[in-house]
Amino acid sequence: MEGVWMGEHWPSTDVRWEEPAYLPANTARWQCAVDDALAEATLSLEPTDHHDFVVLVGACPRCGHRLQQTLEFEVFRSIDEPVETGVGRFNIDCSCPNPHEGRLPGRVGCGWGGPLPVTLCRGA
44 MEGVWMGEHW PSTDVRWEEP AYLPANTARW QCAVDDALAE ATLSLEPTDH HDFVVLVGAC
104 PRCGHRLQQT LEFEVFRSID EPVETGVGRF NIDCSCPNPH EGRLPGRVGC GWGGPLPVTL
164 CRGA
């Protein structure tokens, strides 16, 4: 996936650490980047031993470094009435250990993801 987002070419291992503001434009940008990465198979949803969980694994859409995050698709209306929809809203965070200029000590990733919810389909 090649894209230019607000002057940045994504993916790029040279992006500075940046925590995106929770704005509709940033949410749409992150959703589009994750969707493109799934469509191009640079990110994938891998099954686990537990049917409620999958692992999102691959390259961060922004920095291109390795990203891995476990996601739970099981949704509950109440403790007695689980609902499986196959669709979920998640905060997908870059968690790469690679250095990014401007990142504060103790942080990981390139900073993107955070407060920006992404809708994923289990069958993606």
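Under the numbering used here, residues 44 to 167 are what the sequence shown spells out, in order.
Backbone N, C-alpha and C define an ideal beta-carbon position, used for all residues, glycine too.
These numbers were taken from a predicted model, which means no experiment stands behind them.
Q. Is it buried or exposed for Leu163, if we count other Cβ within 10 angstroms and need 16 for buried?
A. Locating residue 163 in the sequence shown gives position 120, counting from the first residue. Result: buried.
Q) Can the beta-carbon of Ala84 be found less than 9 Å from the beta-carbon of Gly101? A) Along the sequence shown, one-based indexing puts residue 84 at 41. Along the sequence shown, one-based indexing puts residue 101 at 58. Contact flag set, yes.
**Q.** Inter-residue CB distance, Asn141 and His108 (contact presumed, cutoff 8 Å)
**A.** Numbered from 1 along the sequence shown, position 98 holds the residue referred to as residue 141. Numbered from 1 along the sequence shown, position 65 holds the residue referred to as residue 108. Yes, they are in contact, since the Cβ atoms of Asn141 and His108 sit about 5 Å apart, within 8 Å.
Q: Using only alpha-carbon positions, find the residue among Pro104, Asp57, Leu114, Leu147 that is nearest to Leu132.
A: Sequence index remark: in the sequence shown, residue 132 carries index 89 (1-based). Residue identity check: residue 132 is Arg in the sequence provided, not Leu. Per the Cα distances, Leu114.
Q: For Pro67, name the three-state secondary structure that DSSP assigns.
A: Numbered from its first residue, the sequence shown carries residue 67 at position 24. Three-state DSSP puts Pro67 in a helix.
Q: Apply the 10 Å Cβ neighbour rule to Leu159 and answer buried if 16 or more other Cβ atoms are within range, or exposed otherwise.
A: By one-based count along the sequence shown, residue 159 stands at place 116. Flag for Leu159 reads buried.
Q. Per DSSP, Val130 forms a beta bridge with which residues?
A. Numbered from its first residue, the sequence shown carries residue 130 at position 87. Cys164, per the DSSP bridge assignment.
(Q) Can you look up Met44 in the DSSP assignment and give me helix, strand or coil? (A) Here the question's residue 44 lines up with position 1 in the sequence shown. In this prediction, Met44 has a pLDDT of 46, which is less than 50 and means its spatial position is unreliable; what the coordinates show is noted afterwards. Of the three classes helix, strand and coil, the one that applies to Met44 here is coil, per DSSP.
Q) How big is the Cα-Cα spacing for Leu99 and Glu89? A) Locating residue 99 in the sequence shown gives position 56, counting from the first residue. Locating residue 89 in the sequence shown gives position 46, counting from the first residue. Cα to Cα, the separation comes out at about 6 Å.
**Q.** CB-CB length for Val151 against Cys106, believed under 8 Å
**A.** As a first step, residue 151 is located in the sequence shown; it is residue number 108 there, counting from the start. As a first step, residue 106 is located in the sequence shown; it is residue number 63 there, counting from the start. With a Cβ gap of about 11 Å, Val151 and Cys106 do not count as contacting.
Q: Have a look at Arg146 and Pro67 and give me their C-alpha separation to the nearest angstrom.
A: The residue you call residue 146 lines up with position 103 of the sequence shown. The residue you call residue 67 lines up with position 24 of the sequence shown. Looking at the two C-alpha atoms, the distance is approximately 24 Å.
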